[in-house]
Amino acid sequence: MRTTNTHIISCNRCVFTSEHDPDLFVNEFGVCNHCVEYDRKKQYIAEHKNDSKEIQNFIAHIKKTSKKSKYDCIIGVSGGVDSTYVALKVKELGLNPLAVHFDNGWNSELAIINIENIVKKLHIDLYTYVVDWDEFKDMQLAYLKASVIDIEAITDQAITAVMFKIAKKFGIKYIISGENYRTEGTLPKSWVYIKSDCRNIRDICKKFGTKPMKTYPMIGYFRRIIWQKFLQFKYWRILDDIPYDREKAKSEIISKLEWRDYGGKHYESIFTRFYQAYILPQKFNVDKRVSHYSTLICAEQIDKNRVLQLLQEPLYSPRLLQEDIAYIQKKFKLTPQMFSEIMQSPPKSHLEYKNVFETIAILKLFRLHKIFKRFIKL
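Structure (structure tokens):
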């Protein structure tokens, strides 16, 4: 059963409805496509223990292949739950990681404190990549003016690029990520855009930006595939291979690392907090809590009735909202009228701008994609 114009469909299991996702549909049991897809992919999530033979053998392999490097692996750190827990577990497993932080100018005070505690208490070296603020600010403004939904794509793309480039610089083969399916497995496709579409980024910034992209780190779809093939980079989502309960993880990092909670998911960044709690719901009618909580319901880490209660709570306190609006406008040098115009402009699809799918279509037209596939399998 799919959505019609007159009927709202609700999932019997999670909190998604067709009001949140127009493409939502349910099966004969009233379970939505997001839950079904979560269950389908869940079989790939191994329920290992940290001391399992398979994990220990893999750790031994990482150490063996990293003998020529000072570090065994790279981990990203943001000060958030996932990356902090990854840092803790990687050290407990006996690896020597290089922690990498991408500073895009929006760190909250709590994020900085959390990162300092991670590297200090775990004795981890930290490499911080500070983006050129004027250049990055211009890119973020371009995305705001373009009216596309995934404004965070430029941060996510840069984080990936920095991780790969630093891995290349230090001769590190393993990149260990805090991405995980258990707590991030349900997300409507219309809410996000692919992070590796550098063509989309360039076109949006060219059309709406005012500065050239000289220092912004990028690694596109094709380059990433080639680098992984010939430089033999391995990408490990460790939280899919070890037990991971988000609330238990919070308790553990609070106890062991004096981690401090910052509120919502990814709210360690001031801009991310504003983006998820104000821009998305106000302009795009998207409440990302629905996705976050639905995933936790599927993972059996929270009760649906509890989620329904949590969703009744405001995304922002009135005071913090006014503080963040004022801060955002000041940092972007926007007048209230300019910001209002951005918020009121109609949403546009990323596909209205140049994109990698156009390139792939051309490759398919001339059957060059088959040559590329054979090339990466060599």
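When we follow numbering that gives the first Met the number 0, the leftmost residue of the sequence shown carries the number 0, and every step to the right adds one.
Even glycine gets a Cβ: it sits at the ideal position worked out from N, Cα and C.
State yes or no: is the C-beta of residue i within less than 8 Å of the C-beta of residue j?
i: residue 189; j: residue 345; result: no
i: residue 261; j: residue 320; result: no
i: residue 232; j: residue 175; result: no
i: residue 208; j: residue 137; result: yes
i: residue 267; j: residue 78; result: yes
i: residue 332; j: residue 80; result: no
i: residue 116; j: residue 256; result: yes
i: residue 215; j: residue 135; result: yes
i: residue 160; j: residue 252; result: no
i: residue 355; j: residue 198; result: yes
i: residue 143; j: residue 153; result: no
i: residue 192; j: residue 19; result: no
i: residue 352; j: residue 202; result: yes
i: residue 200; j: residue 139; result: no
Thinking just about the alpha-carbon of each residue, which of the options is nearest to the one in residue i?
i: residue 343; options: 72, 282 and 237; result: 282
i: residue 296; options: 31, 27, 221 and 135; result: 31
i: residue 172; options: 101, 163 and 178; result: 163
i: residue 306; options: 293, 36 and 185; result: 293
i: residue 245; options: 39, 85 and 41; result: 85
i: residue 38; options: 217, 184 and 71; result: 184
i: residue 179; options: 60, 133, 40 and 160; result: 40
i: residue 300; options: 312, 247 and 29; result: 247
i: residue 213; options: 220, 204 and 221; result: 204
i: residue 55; options: 318, 352, 360 and 89; result: 89
i: residue 87; options: 133, 337 and 122; result: 122
State the start and end residues of the unbroken alpha helix (DSSP H) segment that holds residue i.
i: residue 232; result: Careful: residue 232 lies outside any alpha helix (DSSP H) and carries neither H nor E.
i: residue 293; result: 287-297
i: residue 253; result: 245-256
i: residue 338; result: 335-343
i: residue 352; result: No alpha helix (DSSP H) contains residue 352, which DSSP labels as neither H nor E.
i: residue 187; result: Premise fails: residue 187 is in no alpha helix (DSSP H) and is neither H nor E.
i: residue 102; result: Per DSSP, residue 102 belongs to no alpha helix (DSSP H); it is in the beta strand (DSSP E), 96-102.
i: residue 84; result: 80-91
i: residue 307; result: 303-309
i: residue 110; result: 108-121
i: residue 279; result: 279-283
Looking only at its own chain, which residues have a Cβ that is under 8 Å from the Cβ of residue i, when we skip the five neighbours before and after it?
i: residue 381; result: Nothing can be reported for residue 381: it is not among the residues displayed for the chain, which extend from 0 to 377.
i: residue 165; result: 73, 97, 99, 126, 128 and 171
i: residue 14; result: 289, 292, 293, 296, 303, 306, 307 and 310
i: residue 102; result: 127, 128, 129 and 130
Between which residues of its own chain and residue i is the CB-CB distance below 7 Å, once the five residues before and five after are set aside?
i: residue 273; result: 323 and 327
i: residue 357; result: none
i: residue 258; result: 83, 113, 116 and 252
i: residue 236; result: 176, 178 and 179
i: residue 167; result: 230
i: residue 133; result: 210
Which residue comes first and which comes last in the beta strand (DSSP E) that contains residue i?
i: residue 140; result: It is not in any beta strand (DSSP E) - residue 140 instead sits in the alpha helix (DSSP H) that spans 132-145.
i: residue 33; result: No beta strand (DSSP E) contains residue 33, which is instead part of the alpha helix (DSSP H) from 32-41.
i: residue 241; result: Where residue 241 is concerned, there is no enclosing beta strand (DSSP E), given that its DSSP letter is neither H nor E.
i: residue 74; result: 72-75
i: residue 314; result: Unbroken run through residue 314: none, as it is neither H nor E.
i: residue 64; result: It is not in any beta strand (DSSP E) - residue 64 instead sits in the alpha helix (DSSP H) that spans 52-64.
i: residue 125; result: 124-129
Below 6 Å CB to CB, which residues in the same chain sit around residue i once its five sequence neighbours on both sides are set aside?
i: residue 181; result: 243 and 298
i: residue 148; result: 283
i: residue 82; result: 75, 76 and 177
i: residue 269; result: 105 and 107
i: residue 33; result: 15 and 185
i: residue 49; result: Because the pLDDT at residue 49 is just 48, under 50, the model does not fix this residue reliably, and the value given afterwards should be weighed accordingly. Once the five neighbours on either side are set aside, the close Cβ partners of residue 49 are 241.
i: residue 12; result: 30 and 34
Please go through the stretch 148-177 and give each complete alpha helix (DSSP H) segment of 4 or more residues, from N-terminal end onward. 152-169
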